[in-house]
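A short worksheet on the structure shown next.
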Amino acid sequence: MRKVQFFASIWTIVIAIPFTILALIGAAYLTENLTQIIKIISGFSREISVGGRGLVLEFSARWPEVAGMVIGMIVILTIYLFAQNANKAEDHRN
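Right, dumping it as structure tokens:
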């Protein structure tokens, strides 16, 4: 059982490091290009909505919820895959 805990800890760290680096790169990119991104979204919103601000306002209110759900699903599925592989490995040993 200790081996499974050890591998779970190692794999958690192995998965966390690239996602942390990816998050830092994403934050740096957003910081540098936020004005351009807002201009693009605002222009697109003006083209497709009557008031011009409907899409931007809705997106700004909802994006943290969507991002949290997507990140949560990825984490849960990753843990599930590693747990499933660990159970298969233990079943083959017994």
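In terms of numbering that gives the first Met the number 0, the sequence shown has 67 at position 68, counting the first letter as 1, and numbering is strictly consecutive. Just so you know, even glycine gets a beta-carbon here, dropped at the ideal spot from N, CA and C.
- Straight-line spacing of the CA atoms in serine 44 and glutamine 4 works out to 49 angstroms.
- The alpha-carbon separation between isoleucine 75 and phenylalanine 58 amounts to approximately 25 angstroms.
- For tryptophan 10, same chain residues with a beta-carbon under 7 angstroms away, outside a window of 5 residues either side, are Phe81 in chain order.
- Residues of the same chain with a CB within less than 8 angstroms of the CB of alanine 66, apart from the 5 flanking positions on each side, do not exist.
- In this structure, the straight-line span from the alpha carbon of isoleucine 40 to that of isoleucine 70 is close to 23 angstroms.
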